[in-house]
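Heads up, the thing below is written out as structure tokens.
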Amino acid sequence: MTTESAITHDVVSIKQQDNLGIITINYAPVNALSQAVRQGLINAIARLEADHAVKAIIIRCEGRTFIAGADIKEFGQPPTQPYLPDVVNRIEACNKPVIASLFGTSLGGGFEVALACHYRVALSKAKVGMPEVNLGLIPGAGGTQRLMRVVGPEQALTMITSGQHVSVSTLTRSGLFDVIVEGNDTQELDAQSIIFAEQLIDNDNLEPRRIGEMLVNSDGFDWLAAKANVIKRARGKEAPVAAFEVLEQTQSMNISDGMAVERQRFLALRGSPQSKALIHAFGAEKQTSKPLKKINADAQKVSLVGIIGGGNMGSGIATSFLAANFTVQLIEQSSEALEAGLGRIKANFVSNVKRGRMGQQVADTCLANLSGSVDYQSLSECDLVLEAVFEDINVKKELFKKLTSVCRPDTVFATNTSYLDINEIAASISRPEQLVGMHFFSPANIMKLLEIVKAEHTSEQVIATAMQVGKQLKKISVLVGVCFGFAGNRMYTRYGREVQQMLLEGADVAQIDNAMTSWGMAMGPLAVQDLSGIDIGHNARSAQPFPAHDKGYFRAAATLVEAKRLGRKTQAGFYQYDENGKKHAAPEVAELLQQTAQKLAINQREFSDEEIVQRALFALISEGLSLFKEGIVQQLSDIDAIWLHGYGFPRYKGGPMFQAKQLGKTAVAEQLAQLRAQFGQQIWPDVDLTLLD
Ligand code: T1G
199 MTTESAITHD
209 VVSIKQQDNL
219 GIITINYAPV
229 NALSQAVRQG
239 LINAIARLEA
249 DHAVKAIIIR
259 CEGRTFIAGA
269 DIKEFGQPPT
279 QPYLPDVVNR
289 IEACNKPVIA
299 SLFGTSLGGG
309 FEVALACHYR
319 VALSKAKVGM
329 PEVNLGLIPG
339 AGGTQRLMRV
349 VGPEQALTMI
359 TSGQHVSVST
369 LTRSGLFDVI
379 VEGNDTQELD
389 AQSIIFAEQL
399 IDNDNLEPRR
409 IGEMLVNSDG
419 FDWLAAKANV
429 IKRARGKEAP
439 VAAFEVLEQT
449 QSMNISDGMA
459 VERQRFLALR
469 GSPQSKALIH
479 AFGAEKQTSK
489 PLKKINADAQ
499 KVSLVGIIGG
509 GNMGSGIATS
519 FLAANFTVQL
529 IEQSSEALEA
539 GLGRIKANFV
549 SNVKRGRMGQ
559 QVADTCLANL
569 SGSVDYQSLS
579 ECDLVLEAVF
589 EDINVKKELF
599 KKLTSVCRPD
609 TVFATNTSYL
619 DINEIAASIS
629 RPEQLVGMHF
639 FSPANIMKLL
649 EIVKAEHTSE
659 QVIATAMQVG
669 KQLKKISVLV
679 GVCFGFAGNR
689 MYTRYGREVQ
699 QMLLEGADVA
709 QIDNAMTSWG
719 MAMGPLAVQD
729 LSGIDIGHNA
739 RSAQPFPAHD
749 KGYFRAAATL
759 VEAKRLGRKT
769 QAGFYQYDEN
779 GKKHAAPEVA
789 ELLQQTAQKL
799 AINQREFSDE
809 EIVQRALFAL
819 ISEGLSLFKE
829 GIVQQLSDID
839 AIWLHGYGFP
849 RYKGGPMFQA
859 KQLGKTAVAE
869 QLAQLRAQFG
879 QQIWPDVDLT
889 LLD
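Mapping the sequence shown onto this note's numbering, position 572 (from 1) lands on 770, and the numbers just tick up by one.
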């Protein structure tokens with residue numbers, strides 16, 4: 199006998215099937231724990247607990263996943279009743295067995311709901327996790343307490359402080375799941391959940407098994423060593439350390455006292471600067487795929503991709519496409535170059551397997567989709583052809599001219615150029631509307647950032663296709679316009695210019711790098727220069743007219759290039775490098791730069807770390823606001839996504855434009871006015887600050 203009734207709107211409903219009560223959550227897109235879902239769960243549990251005909255209860259979800267966590271749309275608003283801890287405790291307190299039916303990604307509050315259930319049935323392809331630290335939070339509804347009781351402090355700490363999604367198939371002996379259903383079939387999951395519930399009833403095994411009643415077994419666990427490890431890996435992030443402290447502090451408490459400590463720390467983190475920044479970062483990444491000017495065209499289907507150039511970039515890009523199940527045809531100029539390119543791609547997959555990024559079978563399947571040729575005719579059936587050849591505009595023009603005669607009329611042409619004018623390349627071919635920039639970042643098979651560059655005549659359909667391909671590549675694809683360096687590198691040039699200007703003004707190399715890394719940047723800007731080669735940027739800049747208004751423009755780099763100090767590759771750059779590659783201060787650099795400063799009549803002085811960080815950050819803010827004003831980017835959050843994924847900006851600081859918003863329009867205006875007064879309008883131009891309202 200089956201009766202159905204809705205509990206709250208249509209997000210939570212219950213169905214009675216014989217002596218089973220089945221609670222279904224249906225709240226797109228990921229069954230997040232909105233207020234209505236929380237209220238619906240509490241009402242459903244109460245209703246079924248009171249129904250004498252019901253012997254056991256299943257909590258399941260419709261759609262793509264079991265509950266994926268608290269509702270991010272409610273973040274930033276005051277918490278509303280029923281609070282999630284009350285919901286999970288109500289589920290656990292139910293006097294009838296409650297079974298969670300897990301598929302997709304049961305994360306955060308979703309996993310906490312599952313842990314409050316008395317049993318868990320899960321698909322082997324499902325994932326679970328406590329990703330709260332990625333949002334600057336810790337689990338706030340019993341997750342620290344119940345996870346530690348089931349899997350022990352070590353595994354609980356790893357899951358909570360890493361925030362990683364863990365495949366159910368790797369947790370078979372964790373004690374977390376009572377039944378693991380092989381595969382990814384949710385109908386089979388539903389069936390197995392019902393069978394499991396019916397077995398409980400048939401065996402009269404109806405006493406709820408509550409994790410909250412278990413004790414934590416910390417025997418032999420070295421909390422001291424674990425703490426040092428958590429702090430080291432946190433690299434300035436507060437939430438992982440807070441999670442550690444909660445687990446250590448509550449290991450011997452009862453669940454109620456433990457949850458009170460957890461809740462207190464959760465609420466203290468909620469609304470913290472780091473949490474606000476991390477939640478902004480999460481939103482900024484999602485926002486990149488929703489360009490403000492809606493793209494009025496559907497993406498073309500792309501499966502066969504031609505990659506021209508098998509060097510470091512081309513082979514990395516080809517690796518990225520192959521790993522996303524595209525078929526790749528690699529083109530090189532000679533059989534030797536082709537072999538070398540194919541070899542680089544295969545080496546990338548060997549590394550992927552060695553580092554556990556993928557299994558050998560997957561790698562073999564990917565490589566089976568790779569072929570190579572020296573004949574452009576082999577590109578005739580490609581849906582997309584992307585070039586990653588030498589950065590010379592005439593080489594690229596010739597290449598695309600050849601492609602227009604070889605490829606289908608609807609083939610999308612993409613260039614990976616970093617600095618060349620895509621409008622100029624497009625103007626040289628008969629199908630400019632087919633050309634788009636797809637600017638990958640090295641190493642292209644690792645870096646998630648992809649700039650999709652819309653040239654003047656690029657069609658909407660080609661843009662939509664490139665954005666779709668970026669999504670399939672699992673890249674953070676950001677739509678940008680054409681200018682020198684597009685968005686990321688143009689800002690990076692401005693950042694580099696400001697850092698090198700401060701060098702000429704007397705700031706010390708190590709002081710600059712240490713100030714920036716202490717603030718949170720992944721690497722010091724001058725160490726990065728040494729790594730990539732000071733001459734690379736210098737040669738690219740030398741191809742452009744020197745900005746007469748900016749007498750110190752990268753003159754520090756020019757000085758070092760003249761002194762043949764090119765960076766790591768010459769064991770000498772901004773730093774000195776010993777035979778082990780370890781960097782050391784190089785006093786002669788300060789002398790060289792002092793001479794250059796004197797020639798340029800730039801006075802030298804002491805700097806504070808704060809001023810160094812502020813000047814560098816404001817260079818990014820100023821250039822980011824100019825990019826938006828010129829229409830190179832469509833939303834400020836895109837700039838944050840670019841800097842978080844392309845340049846090692848600290849995620850827990852949200853991005854340069856998030857920092858500007860946190861500083862506030864008035865403070866930014868005052869600081870920019872001071873810099874403008876000191877260094878002039880051309881270095882620090884007027885920008886539109888209304889965006890910071
Ligand atoms: N709340 C609301 N909407 C969400 C959401 C969430 N938690 N997660 C994703 N979405 C939306 C997303 O905005 C997009 O919407 C759509 O779902 C698809 O997302 C108390 C406090 C779940 C693995 O951190 O990791 O619980 O753009 O494009 O690549 O302890 O989204 O389609 O309109 O990313 O398949 C913990 C964060 C919260 C999960 C799916 N949970 N989300 O990835 O699709 S804190 C999380 C994700 C918490 C408790 C604490 C991923 C995903 P739209 P998508 P996807």
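Glycine included, each C-beta is placed from N, C-alpha and C at the ideal position.
Asked, Found
"Sequence ranges, beta strand (DSSP E) only - wholly within the segment 237-262, length at least 3", "254-259"
"Where Arg318 sits in the DSSP three-state scheme", "strand"
"Best match in Asp884, Ile881, Gly853 and Gln860 for proximity to Glu483 [C-alpha to C-alpha]", "Gly853"
"Contact set for Arg407: own chain, Cβ-Cβ below 6 Å, skip 5 residues either direction", "His316"
"Proximity test, Pro964 beta-carbon vs the ligand T1G heavy atom, cut-off 7 Å", "The structure shown does not extend to residue 964, since the chain is modelled only from 199 through 891, so no value can be given for it."
"Distance between beta carbons of Val459 and Gln472, contact taken as under 8 Å", "20 Å between Cβ atoms; not a contact."
"Range covered by the alpha helix (DSSP H) that runs through His843", "Leu834 to Gly844"
"Span of the alpha helix (DSSP H) around Thr691", "Gly686 to Leu702"
"Rounded C-alpha distance that separates Ala475 from Met719", "15 Å"
"Proximity below 8 Å, CB of Phe732 to CB of Val759", "Residue identity differs from the one stated: residue 732 is Ile in this sequence, not Phe. Yes, the pair counts as a contact, with Cβ atoms nearer than the cut-off."
"Any alpha helix (DSSP H) of 4 or more consecutive residues that is wholly inside the segment 730-814", "732-740, 753-760 and 785-797"
"Expected contact under 8 Å - CB spacing of Ala320 and Ile378 to nearest Å", "6 Å"
"Distance between beta carbons of Ala242 and Ile265, contact taken as under 8 Å", "Incorrect: roughly 14 Å between the Cβ atoms, too far for contact."
"Nearest to Glu622 (by Cα), restricted to the options Glu380, Val885 and Glu654", "Glu654"
"8 Å CB neighbourhood of Ala788 in its chain, flanking five on each side removed", "Asp706 and Val707"
"Pro438 beta carbon near the ligand T1G (any heavy atom closer than 7 Å)", "no"
"For Lys474: DSSP bridge partner residues", "DSSP, once it has assigned bridges, lists no residue as partnering Lys474."
"Collapsed DSSP secondary structure at Leu677 in the structure displayed", "strand"
"Segments assigned beta strand (DSSP E), at least 3 residues, entirely inside the segment 586-621", "610-613"
"One or two residues paired with Gly308 in a DSSP bridge", "Gly308 is not bridged to any residue."
"Between the CA atoms of Pro785 and Asp776 - distance to the nearest angstrom", "15 Å"
"From Asp748, Gln812, Asp836 and Glu585, residue whose alpha carbon lies closest to that of Ser487", "Asp836"
"Cβ pair Met855, Leu834 closer than 8 Å", "yes"
"Any C-beta of chain D under 8 Å from that of Ile819", "Although the question refers to chain D, the structure presented lacks it and comprises just one protein chain."
"Inter-stretch contact (C-beta, 8 Å, three-pair minimum) for the segment 394-406 and the segment 265-280", "no"
"Heavy atom of the ligand T1G within 7 Å of Val235 beta-carbon", "no"
"Residue range of the unbroken beta strand (DSSP E) whose run includes Leu633", "Leu633 to Phe638"
"Contact belief for Cys580 with Thr613 at Cβ below 8 Å, rounded distance in angstroms", "About 15 Å; that fails the 8 Å criterion."
"Reduced DSSP secondary structure (H/G/I, E/B, other) of Lys325", "strand"
"First through last residue of the beta strand (DSSP E) which encompasses Leu502", "Leu502 to Ile506"
"Close-in-space but distant-in-sequence residues of the same chain around Ile289 (CB under 8 Å, 5 per side omitted)", "Leu239, Ile243, Ile257, Val296, Val311, Ala314 and Cys315"
"CA-to-CA distance, Asp838 to Ile810, given in whole angstroms", "20 Å"
"Limits of the unbroken alpha helix (DSSP H) element including Val228", "No alpha helix (DSSP H) contains Val228, which DSSP labels as neither H nor E."
"Sub-8 Å separation of Ser578 and Val604 beta-carbons", "yes"
"Any 3 or more C-beta pairs closer than 8 Å across the segment 592-599 and the segment 521-529", "no"
"Under 8 Å between C-beta atoms of Leu335 and Phe464", "yes"
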